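**Q** In the order they appear, the protein sequences are chains A and B.
For the first sequence, position 250 (counting from the first letter as 1) is numbered 249 according to numbering that gives the first Met the number 0, and the numbering increases by one without interruption.
For the second sequence, position 316 (counting from the first letter as 1) is numbered 315 according to numbering that gives the first Met the number 0, and the numbering increases by one without interruption.
For every residue, glycine included, the Cβ atom is placed at its ideal position computed from N, Cα and C.
A quick note: this is a predicted structure, and the numbers were derived from the prediction, not measured.
Sending over a structure as structure tokens; questions will come in a sec.
Protein chains: 2
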Amino acid sequence: MANMADKKLIGVDLGGTTIKFAILTLDGDIQQRWSIDTNILDDGTHIVPSIIDAINHRLKLYDMTADQFIGIGMGSPGSVDLEAGTVIGAFNLNWKTLQYVKRDIETGTGMKFVIDNDANVAALGERWKGAGENEADVTFITLGTGVGGGLIANGQLLHGVAGSGGEIGHVTVETHNGYLCTCGKHGCLETVASATGIVRVARDMAEEYSGNSVLKKTLDDGEEISSKIVFDMAKSNDPLALMVVDKVTNYLGLALANAANLLNPSFVVIGGGVSAAGDFLLTRVDKAFKANTFPNVRETTAVRLATLGNEAGVIGAAWLARNAFVK
Amino acid sequence: MANMADKKLIGVDLGGTTIKFAILTLDGDIQQRWSIDTNILDDGTHIVPSIIDAINHRLKLYDMTADQFIGIGMGSPGSVDLEAGTVIGAFNLNWKTLQYVKRDIETGTGMKFVIDNDANVAALGERWKGAGENEADVTFITLGTGVGGGLIANGQLLHGVAGSGGEIGHVTVETHNGYLCTCGKHGCLETVASATGIVRVARDMAEEYSGNSVLKKTLDDGEEISSKIVFDMAKSNDPLALMVVDKVTNYLGLALANAANLLNPSFVVIGGGVSAAGDFLLTRVDKAFKANTFPNVRETTAVRLATLGNEAGVIGAAWLARNAFVK
Numbered sequence: 000m001a002n003m004a005d006k007k008l009i010g011v012d013l014g015g016t017t018i019k020f021a022i023l024t025l026d027g028d029i030q031q032r033w034s035i036d037t038n039i040l041d042d043g044t045h046i047v048p049s050i051i052d053a054i055n056h057r058l059k060l061y062d063m064t065a066d067q068f069i070g071i072g073m074g075s076p077g078s079v080d081l082e083a084g085t086v087i088g089a090f091n092l093n094w095k096t097l098q099y100v101k102r103d104i105e106t107g108t109g110m111k112f113v114i115d116n117d118a119n120v121a122a123l124g125e126r127w128k129g130a131g132e133n134e135a136d137v138t139f140i141t142l143g144t145g146v147g148g149g150l151i152a153n154g155q156l157l158h159g160v161a162g163s164g165g166e167i168g169h170v171t172v173e174t175h176n177g178y179l180c181t182c183g184k185h186g187c188l189e190t191v192a193s194a195t196g197i198v199r200v201a202r203d204m205a206e207e208y209s210g211n212s213v214l215k216k217t218l219d220d221g222e223e224i225s226s227k228i229v230f231d232m233a234k235s236n237d238p239l240a241l242m243v244v245d246k247v248t249n250y251l252g253l254a255l256a257n258a259a260n261l262l263n264p265s266f267v268v269i270g271g272g273v274s275a276a277g278d279f280l281l282t283r284v285d286k287a288f289k290a291n292t293f294p295n296v297r298e299t300t301a302v303r304l305a306t307l308g309n310e311a312g313v314i315g316a317a318w319l320a321r322n323a324f325v326k
Numbered sequence: 000m001a002n003m004a005d006k007k008l009i010g011v012d013l014g015g016t017t018i019k020f021a022i023l024t025l026d027g028d029i030q031q032r033w034s035i036d037t038n039i040l041d042d043g044t045h046i047v048p049s050i051i052d053a054i055n056h057r058l059k060l061y062d063m064t065a066d067q068f069i070g071i072g073m074g075s076p077g078s079v080d081l082e083a084g085t086v087i088g089a090f091n092l093n094w095k096t097l098q099y100v101k102r103d104i105e106t107g108t109g110m111k112f113v114i115d116n117d118a119n120v121a122a123l124g125e126r127w128k129g130a131g132e133n134e135a136d137v138t139f140i141t142l143g144t145g146v147g148g149g150l151i152a153n154g155q156l157l158h159g160v161a162g163s164g165g166e167i168g169h170v171t172v173e174t175h176n177g178y179l180c181t182c183g184k185h186g187c188l189e190t191v192a193s194a195t196g197i198v199r200v201a202r203d204m205a206e207e208y209s210g211n212s213v214l215k216k217t218l219d220d221g222e223e224i225s226s227k228i229v230f231d232m233a234k235s236n237d238p239l240a241l242m243v244v245d246k247v248t249n250y251l252g253l254a255l256a257n258a259a260n261l262l263n264p265s266f267v268v269i270g271g272g273v274s275a276a277g278d279f280l281l282t283r284v285d286k287a288f289k290a291n292t293f294p295n296v297r298e299t300t301a302v303r304l305a306t307l308g309n310e311a312g313v314i315g316a317a318w319l320a321r322n323a324f325v326k
């Protein structure tokens, strides 16, 4: 049997399109990476067996055995029960009923298994090996189709009493006629700062805008736009696109500042597809962040872009296993 | 030497007017309580010696010795350095320079000592023996001259990287022409929901109000009002006072909802002088809270009034000592 320090971790990042895997050292260095397509047919019943097969097959390929691993960590969409290791309501996986993920993967691989939701796991990854510099207090937000968050404080994730800790996408940022959110309330950050939210803001501001603007013309011509197009046009100084970006980044800066006024993390890390807008986004969010933070928070909490990209999930998942199974 | 389980805790609540003391069991039951006036003369140099004297004198009175105690916990105004056990910038104590509180009290009493800021300590007290029901996740807000907060998550206080965790009084709740706060930014919760903030809101709304109102008449007559007077008039259905209370409780509900969207605590506990308005306040805050919380948070996080009153500080201080020194 391998020495504890030589043992490895397996990180799994379960998404609606692909399932990413990695084998990592206890220090979080990735040694192997691979991925498979997510087969969501038949109510997602193929997903867990395909994860088990992918791990067992890969171990055989490398001539490795289960006892050389500390365990498996995984990030999953949907509502995760940490204790039971089950998932329910992951609609992009067609998982409508309770899935016994931990039970099945432990039986199928002979390894210990731990699970958390995908935004939390990405937060752990960015905190451990990315922009979070392994600090004890890191706030993470992911701007994608939706807006998710993961909060690390005193070195641990904040789940709250019922697992809704970190729902920064559902912080109310607009109290005057805010958009209706899929969650049922109005004015959530997600309604204006997700990829779809940014497009919604652009469409509404275009209706009121009467000047020259490529963005306005594009929308008037009935062409599809994306949040990336809005940011690209803003970078080219399109006046309407700049107004949209200002509005969106003001909301983001407000929500992140208010999170930082509560948590005073070392870093607020912005990830997800929308964060590809880079420093152009960061500079504007940071301005609104500084305008809304308590002085000592302004001086000690820094806003940053995520650095790990797609790897945040598998790295954070590996940290989960390390935290759970290494004493 | 006494058995560990028989040992006692000392809790100290240092305020600008009085210093409260209590001797408690390890279960948090108060056995003795006393207090002394705070002597802030001579740059507050009498404060620490008077704390030491008060403890030593009381122990002598009860024929007790230092080794019968686990240690002393204390809550203090100002900026507290937890590790060093020092305090600076407690202006209501005239403490402008660094105070070596831990060093001096440990030397003077022969007991171990631990300190945190007063809002955090009150939060710990309410969480342990009050409305927080000893849950692992409790958010506490105190509405007094200012607005303070203490956040407990995963069973521990959240201090953040530089001690500003829990600054809920400086969460931005008004982004359109919010009042200037003493902290230098605009629209902080404290500017509208502290005792002085409520009076400010009342004065401004009275200027615009043209109907019949005892509150308006009182202000027009140049009489002084207080937040208590505003709430009392609202309870008597004064139309302007009701508008003021609605505005204030909407801001409070928004800020507490957004904190709960991040932390999903079991309880959000409202304490401090303004909370004496009781269920009249709570009902209105809760309505705004529910309008701004993510569904799963709305269902699992409850807003409550604090129950310990003035004793929250000494009880929370005792918990600090228990947490620090009982392994």
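Would a C-beta distance cut-off of 8 Å place M63 of chain B and V11 of chain B closer than the cut-off?
**A** Cβ distance not < 8 Å, so M63 of chain B and V11 of chain B don't count as in contact.
**Q** From V267 of chain A to E298 of chain A, what does the alpha carbon distance come to, in whole angstroms?
**A** Going from the Cα of V267 of chain A to the Cα of E298 of chain A covers about 13 Å.
**Q** Using only the alpha-carbon positions, how far apart do I197 of chain A and E105 of chain A sit?
**A** Whole-angstrom Cα-Cα distance: 41 Å.
**Q** Give every residue of the same chain whose Cβ lies closer than 6 Å to the Cβ of A317 of chain B, excluding the five residues on either side of it in the sequence, and list them in chain order.
**A** Correct list, in chain order: L8, G10, L23, G72.
**Q** Enumerate in chain order the residues of its own chain whose CB-to-CB distance from F230 of chain B is below 6 Å, with the five nearest sequence positions on each side excluded.
**A** The answer, listed in chain order, is A276.
**Q** Do you know offhand how far N249 of chain B's Cα is from R283 of chain B's?
**A** Looking at the two C-alpha atoms, the distance is approximately 8 Å.
**Q** Relative to the C-alpha of G164 of chain B, which residue among A:A152, A:V191, A:N291, A:G177 is closest?
**A** Taking only the C-alpha atoms, the option nearest G164 of chain B is A:A152.
**Q** What's the C-alpha gap between A4 of chain B and T108 of chain B?
**A** Each residue's Cα considered, the two are about 21 Å apart.
**Q** What are the start and end residues of the alpha helix (DSSP H) that includes M232 of chain A?
**A** Counting along the chain, the alpha helix (DSSP H) containing M232 of chain A begins and ends at 226 to 234.
**Q** What separation, rounded to the nearest whole angstrom, lies between the Cα atoms of D179 of chain A and V191 of chain A?
**A** A quick correction: the sequence has Leu, not Asp, at residue 179 of chain A. Going by the C-alpha atoms only, they are around 10 Å apart.
**Q** On the CB-based measure, 16 or more other CB atoms within 10 Å of its CB, does T300 of chain A come out buried or exposed?
**A** When all chains shown are included, T300 of chain A counts as buried.
**Q** Compare the Cα-Cα distances from S226 of chain A to each of A:G145, A:G183, A:N176 and report the closest residue.
**A** The candidate whose alpha carbon is nearest that of S226 of chain A is A:G145.
**Q** Could you tell me whether the Cβ atoms of D285 of chain B and V296 of chain B are closer together than 8 Å?
**A** For D285 of chain B and V296 of chain B, no; Cβs fall outside 8 Å.
**Q** My output table needs one value for I39 of chain A: the three-state DSSP class, helix, strand or coil.
**A** Here I39 of chain A sits in coil by DSSP.
**Q** S13 of chain A and S75 of chain A: beta carbons closer than 8 Å?
**A** Reading off the sequence, residue 13 of chain A comes out as Leu, not Ser. Closer than 8 Å, so yes.
**Q** In whole angstroms, give me the CA-to-CA distance for D136 of chain B and I167 of chain B.
**A** Each residue's Cα considered, the two are about 16 Å apart.
**Q** How would you list, in chain order, the residues of chain A whose beta-carbon sits under 8 Å from the beta-carbon of I167 of chain B?
**A** Going along chain A in sequence order, the residues near I167 of chain B (Cβ under 8 Å) are N260, L261.
**Q** Are the CB atoms of L92 of chain B and I46 of chain B nearer to each other than 8 Å?
**A** Going by C-beta atoms, L92 of chain B is nearer than 8 Å to I46 of chain B.
**Q** Any beta carbon from chain A within less than 8 Å of T171 of chain B's own beta carbon?
**A** Taking Cβ atoms only, chain A reaches closer than 8 Å to T171 of chain B, which makes this a yes.
**Q** Rounded to a whole number of angstroms, what is the C-alpha to C-alpha distance between P264 of chain A and E222 of chain B?
**A** Looking at the two C-alpha atoms, the distance is approximately 45 Å.
**Q** Where S371 of chain B and T85 of chain A are concerned, what is the direct C-alpha to C-alpha distance, given to the nearest angstrom?
**A** Residue 371 of chain B lies beyond the stretch modelled for chain B, which goes from 0 to 326, so this question has no answer here.
**Q** Let me check understanding here. Comparing Cα to Cα, which of B:F20, B:D36, B:H175 lies closest to I29 of chain B?
**A** Of B:F20, B:D36, B:H175, the residue nearest in Cα terms is B:F20.
**Q** Let me make sure I understand the geometry here. Which of A:M110, A:H158, A:F293, A:M242 has the alpha-carbon closest to that of E207 of chain A?
**A** Per the Cα distances, A:M242.
**Q** Is the CB of L157 of chain A under 8 Å away from at least one CB in chain B?
**A** L157 of chain A counts as touching chain B.
**Q** What separation, rounded to the nearest whole angstrom, lies between the Cα atoms of R32 of chain B and V313 of chain B?
**A** Taking the straight line joining both Cα atoms gives about 9 Å.
**Q** Applying the criterion that 16 or more other CB atoms from any shown protein chain within 10 Å of the CB defines a buried residue, is F279 of chain B buried or exposed?
**A** So F279 of chain B ends up on the exposed side.
**Q** Report the start-end ranges of each alpha helix (DSSP H) in the stretch 274 to 298 of chain B that is 4 residues or longer and not cut off at the edges.
**A** Within the stretch 274 to 298 of chain B, the complete alpha helix (DSSP H) runs of at least 4 residues are 278 to 290.
**Q** Would a C-beta distance cut-off of 8 Å place L262 of chain A and T138 of chain A closer than the cut-off?
**A** The answer is yes: Cβ separation under 8 Å.
**Q** Using a C-beta cutoff of 8 Å, does K184 of chain A count as contacting chain B?
**A** By this cut-off, K184 of chain A is an interface position.
**Q** Name, going along the chain, the residues of the stretch 246 to 257 of chain A whose beta-carbon falls closer than 7 Å to a beta-carbon of chain B.
**A** Going along the stretch 246 to 257 of chain A in chain order, one finds L253, A256, N257 with a Cβ nearer than 7 Å to chain B.
**Q** With 8 Å set as the bound, which would you pick, yes or no: does the beta-carbon of P76 of chain A sit closer than that to a beta-carbon of chain B?
**A** So no, P76 of chain A is outside the interface.
**Q** Between G186 of chain B and the ligand NAD, is there a pair consisting of the residue's CB and a ligand heavy atom that are separated by less than 7 Å?
**A** Among the ligands in the structure shown, none appear at all, so the ligand NAD cannot be discussed.
**Q** Would H329 of chain B pass as a contact of C187 of chain B if the rule is Cβ separation under 8 Å?
**A** This structure does not reach residue 329 of chain B, given that chain B is present from 0 up to 326, and the question cannot be answered.
**Q** T217 of chain B CB to nearest chain A CB: under 8 Å?
**A** By this cut-off, T217 of chain B is not an interface position.
**Q** Can you list, in chain order, the residues of its chain whose CB lies under 6 Å from that of A89 of chain B, leaving out five sequence neighbours each side?
**A** The residues are P76, G77.
**Q** Where do the ends of the beta strand (DSSP E) carrying A201 of chain B lie?
**A** Element bounds for A201 of chain B: not the beta strand (DSSP E) but the alpha helix (DSSP H), 194 to 207.
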